[in-house]
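Below is one structure, written out as structure tokens, with a few remarks after it.
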Amino acid sequence: MAKKKGNSLEDLGSMVFSTGNSGFQGFDEEEEQEELSPEDQLLEVHLEKKGRGGKTAVIVKGFEGSEEALKDLAKGLKSHCATGGSVKDWEIIIQGDLRQKVLDYLQKQGYKTKRVGA
């Protein structure tokens, strides 16, 4: 015997639907993250060779700020170095062994930098 389709509210049982609330409770407007000036940040510049199919990459770690500011910095770095790259897990990845160019650009922008590794 086929199941009967429920067409009334009573057929829904104890489920309750509400459309009267215009927003989520417990969540305020998105908070603005306080931006640190470049002079107050120490960025570590790493050279990584492992796990990249034998290719080298420069990893910039330690950025504090909004995701948009991080992406803007990465875009400027990629443009300055004339190479590809990406942003992943709050790290900027620049293709190739371009540590000195990356360090020069970051220092020119006012960031404190630290060269990590050989």
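In the working numbering, the protein residues as written are 7 to 124. Just so it is clear, CB atoms sit at the ideal spot from N, CA and C, and this is done for glycine as well.
Determine the DSSP secondary structure at residue i, reduced to helix, strand or coil.
i, result
"Glu45", "helix"
"Ser190", "Residue 190 is absent from the structure shown; the chain starts at 7 and stops at 124."
"Glu74", "helix"
"Leu53", "strand"
"Gln113", "helix"
Count the other C-beta atoms from every protein chain shown that fall within 10 angstroms of the C-beta of residue i, then say buried if there are 16 or more, exposed otherwise.
i, result
"Glu36", "Interpretation of Glu36 is limited by its pLDDT of 49, a score under 50 that renders its predicted location unreliable; no figure is taken from the coordinates."
"Glu42", "What sits at residue 42 in the sequence shown is Leu, not Glu. Leu42 should be labelled exposed."
"Gly90", "exposed"
Note down the Cα distance separating residue i from residue j, rounded to an integer number of angstroms.
i, j, result
"Tyr117", "Gln106", "14 Å"
"Val161", "Glu50", "Any property of residue 161 remains undetermined from this structure, which presents the chain solely from 7 to 124."
"Leu83", "Glu97", "13 Å"
"Arg58", "Leu104", "16 Å"
"Pro44", "Gln113", "9 Å"
"Glu54", "Arg121", "12 Å"
"Gly60", "Ile100", "15 Å"
"Val66", "Leu76", "10 Å"
"Cys87", "Gly71", "22 Å"
What residue range is occupied by the uninterrupted beta strand (DSSP E) comprising residue i?
i, result
"Arg121", "118-122"
"Arg67", "Here the sequence assigns Lys to residue 67, which means Arg is not the residue at that position. Segment 63-67, the beta strand (DSSP E) holding Lys67."
Spatial neighbours of residue i within its chain, please: CB distance less than 7 Å, with the 5 preceding and 5 following residues excluded, ordered by chain position.
i, result
"Gly123", "His52, Leu53"
"Leu109", "Val51, Thr119, Arg121"
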